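Engineer:
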Amino acid sequence: MVEQVWRSRRVVLVPCSFQGHITPMLQLGTILHSKGFSITVVHTQFNSPNPSNNPEFRFQIIPDGLSNHVISSGNIVEIISFLNVNCEVPFRECLALMVNQQDPSDEIVCVIYDELMFFSESAANQLKLQSIILRTTSAATCISRLALLRLKTEGHIPLRDPIMQDPVPGLHPFRFMDLPISKFGIPENYLQLIINAYNTRTSSAVIWNTVDFLEQSLLPQIQQQCHVPIFPIGPLHKFAPASSSSLLMEDTNCITWLNSQAPNSVIYVSLGSLASMDRKELVEMAWGLANSMQPFIWVVRPGLINGSEEIDLLPEGFKEAVGGNCCIVKWAPQKEVLSHGAVGGFWSHCGWNSTLESISEGVPMICRPCFGDQRVNARYVSHVWRIGLQLENELERGEIEKAVRRLMVDKEGEQMRQRIKNLKEKVELCIREGGSTYNSLNNTLELIKSFWF
Ligand code: UDP
Numbered sequence: 011m012v013e014q015v016w017r018s019r020r021v022v023l024v025p026c027s028f029q030g031h032i033t034p035m036l037q038l039g040t041i042l043h044s045k046g047f048s049i050t051v052v053h054t055q056f057n058s059p060n061p062s063n064n065p066e067f068r069f070q071i072i073p074d075g076l077s078n079h080v081i082s083s084g085n086i087v088e089i090i091s092f093l094n095v096n097c098e099v100p101f102r103e104c105l106a107l108m109v110n111q112q113d114p115s116d117e118i119v120c121v122i123y124d125e126l127m128f129f130s131e132s133a134a135n136q137l138k139l140q141s142i143i144l145r146t147t148s149a150a151t152c153i154s155r156l157a158l159l160r161l162k163t164e165g166h167i168p169l170r171d172p173i174m175q176d177p178v179p180g181l182h183p184f185r186f187m188d189l190p191i192s193k194f195g196i197p198e199n200y201l202q203l204i205i206n207a208y209n210t211r212t213s214s215a216v217i218w219n220t221v222d223f224l225e226q227s228l229l230p231q232i233q234q235q236c237h238v239p240i241f242p243i244g245p246l247h248k249f250a251p252a253s254s255s256s257l258l259m260e261d262t263n264c265i266t267w268l269n270s271q272a273p274n275s276v277i278y279v280s281l282g283s284l285a286s287m288d289r290k291e292l293v294e295m296a297w298g299l300a301n302s303m304q305p306f307i308w309v310v311r312p313g314l315i316n317g318s319e320e321i322d323l324l325p326e327g328f329k330e331a332v333g334g335n336c337c338i339v340k341w342a343p344q345k346e347v348l349s350h351g352a353v354g355g356f357w358s359h360c361g362w363n364s365t366l367e368s369i370s371e372g373v374p375m376i377c378r379p380c381f382g383d384q385r386v387n388a389r390y391v392s393h394v395w396r397i398g399l400q401l402e403n404e405l406e407r408g409e410i411e412k413a414v415r416r417l418m419v420d421k422e423g424e425q426m427r428q429r430i431k432n433l434k435e436k437v438e439l440c441i442r443e444g445g446s447t448y449n450s451l452n453n454t455l456e457l458i459k460s461f462w463f
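Sequential numbering of the sequence shown, starting at 11, is according to the working numbering.
1. If we ignore side chains and look at the alpha-carbon of each, how far apart do Leu-366 and Val-80 end up?
2. Is the separation between the beta-carbon of Ile-307 and that of Ala-342 shorter than 8 Å?
3. Using the DSSP secondary-structure output, state which residues sit across from Phe-69 in a beta bridge.
4. Would you say the beta carbon of Val-480 comes nearer than 7 Å to a heavy atom of ligand 1?
5. From this set, Ser-302, Thr-212, Leu-292, Ile-41, which residue's C-alpha is nearest Met-418's C-alpha?
6. Would you mind stating whether Phe-186 and Leu-159 have Cβ atoms separated by less than 8 Å?
7. When the distance is taken between beta carbons, is Thr-220 closer than 8 Å to Gly-244?
8. What are the complete alpha helix (DSSP H) segments, minimum 4 residues, inside the stretch 194 to 279?
9. Out of Pro-312, Leu-399, Leu-257, Ser-275, state which residue places its alpha-carbon closest to the alpha-carbon of Gln-29.
10. So what does DSSP say about Val-15, is it helix, strand or coil?
11. Express the C-alpha separation of Phe-129 and Pro-100 in angstroms, rounding to a whole number.
12. The alpha helix (DSSP H) spanning Asp-171 covers which residue range?
13. Does DSSP put Val-121 in a helix, in a strand, or in coil?
14. Given this structure, state the Cα-to-Cα distance separating Ile-240 from Leu-42, to the nearest angstrom.
15. At a cut-off of 7 Å, would you count Thr-212 as near ligand 1, judging by its Cβ distance to the nearest heavy atom?
16. What separation, rounded to the nearest whole angstrom, lies between the Cα atoms of Arg-427 and Ile-376?
17. Measuring straight from C-alpha to C-alpha, what distance separates Thr-33 and Glu-326?
18. Going by beta-carbon coordinates alone, are Val-119 and Val-21 separated by less than 8 Å?
19. Looking at Glu-125 and ligand 1, is the gap between the Cβ and the nearest heavy atom below 7 Å?
20. Would you report the Cα separation of Cys-26 and Leu-36, rounded to the nearest angstrom?
21. Where does Pro-25 fall in DSSP's three states?
22. Name the one or two DSSP bridge partners that Gly-445 has.
23. Does the beta-carbon of Ala-250, which I'm using as the reference point, lie nearer than 7 Å to any heavy atom of ligand 1?
24. Distance, Cα to Cα, Trp-16 vs Ser-62?
25. Helix, strand or coil for Leu-457 per DSSP?
Okay, here's the thing in structure tokens:
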């Protein structure tokens with residue numbers, strides 16, 4: 011009977027238009043759908059998800075007004091700022107139409123929006139719909155982004171080179187170089203974005219893709235300053251079945267290749283969907299990996315090299331040198347790769363999804379953050395959880411070779427593997443009945459249910 015009532019309620023999801031944000035939002039949709047809700051995903055033209063990956067959802071596209079010039083600039087802060095201006099009216103109109111035309115047996119009960127798509131809140135509010143915020147980065151990122159606002163008033167910003175190695179006052183364990191700085195530094199519109207992203211406005215709750223024991227002291231600290239409940243319900247991917255949300259086509263040949271490799275022998279190398287490097291770094295990376303003699307999978311996606319969509323940029327003689335010891339793909343089925351028994355290490359840019367996926371599969375990391383929250387996560391991986399080592403200096407083949415061997419062969423790497431396996435077990439407890447994530451998810455469902463009773 012209860013199930014019958016639940017099946018007649020619809021949740022509208024508004025993901026932010028980047029891979030690392032779309033994926034957790036669709037995973038949340040999958041979880042809510044499995045609990046009886048119908049789902050509509052409202053998304054921009056830019057980076058629109060493939061509806062055929064989730065035939066159980068409805069998809070509604072809204073115009074985003076982004077020019078090719080803005081998109082190709084790669085300036086994420088600018089793109090998000092534009093989206094919040096350009097999408098406000100189209101979203102309001104789209105939501106109003108959905109409400110006006112809705113079947114009474116399939117009524118919209120709330121809007122869940124990515125913290126960066128804050129334009130969604132006013133539309134929900136005007137239509138008297140409740141709204142909830144989804145946060146897709148770590149709690150440590152939230153704390154350190156807010157610290158940027160304080161550092162600005164204290165005169166530390168713009169950051170100066172001589173202090174980059176110094177600890178940030180009042181922000182253990184971060185150094186200035188670990189702060190979540192955008193590719194383009196800390197412009198005013200970035201600080202404004204932080205203010206908007208962490209303002210809960212009239213929204214009823216915050217759903218967070220994190221696990222409480224991983225960030226234990228931080229979540230209560232944030233909750234103290236937040237007037238609505240915070241529900242840490244991560245890692246979301248553990249609840250959602252393996253349906254893909256990739257914007258690029260996954261190359262599954264690497265799984266066949268992995269099947270022929272020894273347990274724990276392969277290092278998986280991927281810098282996610284946005285991080286990039288220059289050609290010289292790519293060459294050093296290629297030879298460092300090759301010289302380590304460790305088998306590896308390397309994701310060389312279009313755009314990995316600054317300003318180039320080419321992927322055929324590997325150094326001459328490299329492919330011959332590595333032979334069958336490596337598998338290069340444009341985009342991998344990452345979760346499947348990380349859960350494969352042959353994978354024993356992950357060279358990662360430390361995006362939050364990748365970090366959670368690595369912890370969930372017990373795979374220790376080499377951290378090479380590029381910008382933003384990746385720096386924060388890398389510091390946590392290497393200095394708080396101690397499940398990885400960070401490559402901090404200029405990329406150089408000898409250093410890379412040593413780092414790969416430290417992680418994959420040396421005792422130090424074995425200790426990190428043991429520690430991350432312990433975290434993996436704790437994550438499994440959290441998602442089981444009675445665990446913290448399981449309970450938080452139930453509380454989230456109770457809250458959404460209260461919106462119509
Ligand atoms: N990913 C993937 N295949 C790849 C590289 C990445 O499926 O070859 C996925 C990965 O599993 C993760 C997401 O893309 O879920 C990247 O998100 P993350 O937060 O780690 O980094 P971002 O791309 O936002 O920098």
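Even for Gly, the Cβ is constructed at its ideal location relative to N, Cα and C.
A quick note: this is a predicted structure, and the numbers were derived from the prediction, not measured.
Structural biologist: Result, derived from the coordinates:
1. 30 Å
2. yes
3. Val-51
4. The chain is shown only over 11 to 463; residue 480 falls outside these bounds and no answer can be derived.
5. Ser-302
6. no
7. yes
8. 198 to 207, 228 to 234, 263 to 269
9. Leu-257
10. Low confidence applies to Val-15: its pLDDT is 47, below 50, so where it sits in the model is not reliable, and the reading given next is rough at best. In the structure shown, Val-15 sits in a helix (DSSP, three-state: H, G or I).
11. 10 Å
12. No alpha helix (DSSP H) contains Asp-171, which DSSP labels as neither H nor E.
13. strand
14. 17 Å
15. no
16. 12 Å
17. 36 Å
18. yes
19. no
20. 11 Å
21. coil
22. None; Gly-445 has no bridge partner.
23. no
24. Reliability of the predicted coordinates at Trp-16 is poor, the pLDDT of 46 falling under 50, and no value is obtained from them.
25. helix
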